[in-house]
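Asks: After the structure tokens below, expect a handful of questions from me.
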Amino acid sequence: MMKKRKLKAYKFFGFLLVVMFCSPFGENVYGETEQAEKSLISVESFVDRATITIGDRILYTLMVTTDPEIKLEPLALGSNLGAFEVKDYKIYDPEKTKDGRVINKSEYLITTFTTGEYVLPSITINYTDPQGGKKQIKSEPLFILVKSVGASESDKEDIRGLKPPIQIRGGYWSYLLILPILVLLGAGSFLYYRHRAKGLTLSQISEELQKPAWEVALFELDSLRECDLLEKKQIKKYFTILSDIIRKYIERRYEISALDRTTEEIRGEMRRAKLESEIAELTYDLLCFCDLVKFAKYVPANEEIGKGLNDAYDIVNMTKQAEVKEEVAVVK
């Protein structure tokens with residue numbers, strides 16, 4: 303009798319469990335809870351294409367539809383896309399539907415530079431429900447196929463072998479024709495370089511060469527003294543012109559190369575020309591000071607500027623008398 307009673311009790315409890323989990327009542331409890339969550343918030347994600355070649359861009363769209371009382375937290379998408387990186391994005395203003403729900407839409411332009419099969423992972427959206435509870439919902443993962451860029455048949459046809467070098471036939475006559483042109487260009491460039499500071503024409507150059515070197519130098523020093531370069535604070539240009547005047551003068555006066563030489567090389571040329579030590583040192587010191595202003599960006603004081611011009615006058619005047627005497631001796 304006891305065994306039969308126990309058996310009936312087990313059957314009774316089993317029947318109750320079946321009723322609880324399988325009856326329409328139980329189904330309504332879970333169904334209504336899930337339906338309530340969906341009525342508060344839902345998420346949808348999609349891409350404009352699921353197969354791309356490497357480097358192509360995909361438009362990834364995320365749409366979150368919520369109850370007006372739902373508060374969404376800011377979404378940080380960049381670090382949650384796996385192998386993909388965000389190139390650009392756009393967040394749309396919330397939009398209300400006819401039934402009062404709110405659509406939050408955002409678009410992301412994404413890409414990757416590695417080939418293979420990838421999964422855009424689920425995006426977690428955190429939100430606060432009307433009761434103040436912190437909850438979250440996830441989007442569905444998306445599958446993307448990234449292919450490499452293969453060469454087409456038309457591309458292969460464009461690739462051709464290298465052609466042999468073209469042989470240019472010629473003889474000595476071609477070189478004989480080119481040589482005079484090169485000589486003329488070189489001579490013109492040399493004349494322009496020597497007189498670039500004043501910008502003289504060829505006729506002016508010829509006229510200048512007929513005058514004594516000291517006369518030209520004194521005239522140029524007077525012009526430099528009267529110019530407004532110092533008032534315009536163009537100190538570097540002022541000392542560049544001063545240096546060129548002295549270089550050109552000693553080149554004509556002593557027939558040494560100075561315009562296209564460094565200051566140290568000019569010092570050696572003056573020694574070989576056996577200039578008086580006082581004149582040679584004064585000229586060397588002045589050219590060194592001009593170089594200091596031109597190349598070392600040194601800003602001289604007013605006294606130093608005046609001394610530089612006076613030293614230039616002294617160099618010309620100290621050597622002018624000797625030149626005049628030499629010319630008179632030749633005439634006699």
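Numbering follows my numbering, with no gaps: position 259 of the sequence shown is 561. Cβ coordinates follow ideal geometry from the N, Cα and C atoms, glycine included.
Quick check on the burial criterion: 16 or more other C-beta atoms within 10 angstroms. Buried or exposed for F314?
Replies: With a pLDDT of 48 at F314, under the threshold of 50, the modelled position of this residue cannot be trusted; read the value that follows with caution. The residue in question, F314, is exposed, as its Cβ has fewer than 16 Cβ neighbours within 10 Å.
Asks: Could you compute how far the alpha carbon of V331 sits from the alpha carbon of S341?
Replies: Summary for V331: the model assigns pLDDT 37, below 50, so the residue's position carries little reliability; its value from the coordinates is reported in the next sentence. So the alpha carbons of these two residues sit roughly 16 angstroms apart.
Asks: Please classify N406: is it buried, with 16 or more other beta-carbons within 10 angstroms of its beta-carbon, or exposed?
Replies: Buried is the call here.
Asks: Report yes or no: do the stretch 430-444 and the stretch 345-355 share at least 3 C-beta pairs separated by less than 8 angstroms?
Replies: Output reads yes: the stretch 345-355 touches the stretch 430-444.
Asks: Considering only residues of the stretch 542-612, which uninterrupted beta strand (DSSP E) runs meet the minimum length of 3 residues and lie entirely inside it, listed in chain order?
Replies: List check, beta strand (DSSP E) in window: nothing returned.
Asks: With 16 as the cutoff for other CB atoms within 10 Å, does C597 come out buried or exposed?
Replies: Just to set this straight, residue 597 is Phe in the shown sequence, not Cys. It is exposed - the Cβ of F597 has fewer than 16 other Cβ atoms within 10 Å.
Asks: Go to R359, then tell me how far its beta strand (DSSP E) extends in each direction, as first and last residue.
Replies: R359 -> beta strand (DSSP E) spans R359 to T368.
Asks: G610: buried (16+ other C-beta within 10 angstroms of its C-beta) or exposed?
Replies: Classification for G610: buried.
Asks: Do you know whose CA, among D395, R573 and Y429, lies nearest E557's CA?
Replies: Looking at the Cα atoms, R573 is the closest of the given residues.
Asks: For Y391, count the other beta carbons within 10 Å of its own beta carbon; 16 or more makes it buried, fewer makes it exposed. Which is it?
Replies: Classification of Y391: exposed, given that the 10 Å Cβ count is below 16.
Asks: Does the beta-carbon distance from T368 to R403 come in below 8 angstroms?
Replies: Yes, these two residues count as a Cβ contact at 8 angstroms.
Asks: Here's the rule I'm using: 16 or more other beta-carbon atoms within 10 Å means buried, otherwise exposed. How should D530 be labelled?
Replies: Per the 10 Å Cβ criterion, exposed.
Asks: From the DSSP output, read off the bridge partner residues of N406.
Replies: Looking at the DSSP assignment, N406 forms a beta bridge with V366.
Asks: Measure the beta-carbon distance from I412 to K389 and round it to whole angstroms, keeping in mind my assumption that it falls under 8 angstroms.
Replies: With a Cβ gap of about 7 angstroms, I412 and K389 count as contacting.
Asks: What does DSSP give as the partner residue(s) for Q438 in the beta ladder?
Replies: Answer is N428.
Asks: Can you check which of these residues, L594, G418, D395 and K437, is closest to F541 by C-alpha distance?
Replies: F541 has its Cα closest to that of L594, out of L594, G418, D395 and K437.
Asks: Would you grab the beta carbon distance between I552 and L584 for me? Rounded to a whole angstrom, and I think it's under 8 angstroms.
Replies: Wrong, their Cβ atoms sit about 11 angstroms apart, outside the cutoff.
Asks: When DSSP labels each residue in this structure, what does I356 get in the three-state scheme?
Replies: Of the three classes helix, strand and coil, the one that applies to I356 here is coil, per DSSP.
Asks: Alpha carbon to alpha carbon, how far is L504 from L464?
Replies: Annotation note: pLDDT 45 at L504 (below 50); position unreliable, coordinate value reported separately. Spanning the two alpha carbons is a distance of roughly 51 angstroms.
Asks: Quick one: using the 10 Å Cβ neighbour count with 16 as the cut-off for buried, is T399 buried or exposed?
Replies: Classification of T399: exposed, given that the 10 Å Cβ count is below 16.
Asks: Can you give me the Cβ contacts of I581 inside the same chain, cut-off strictly under 7 angstroms, excluding the 5 residues immediately before and after it?
Replies: Here the set comprises I617, M620 and T621.
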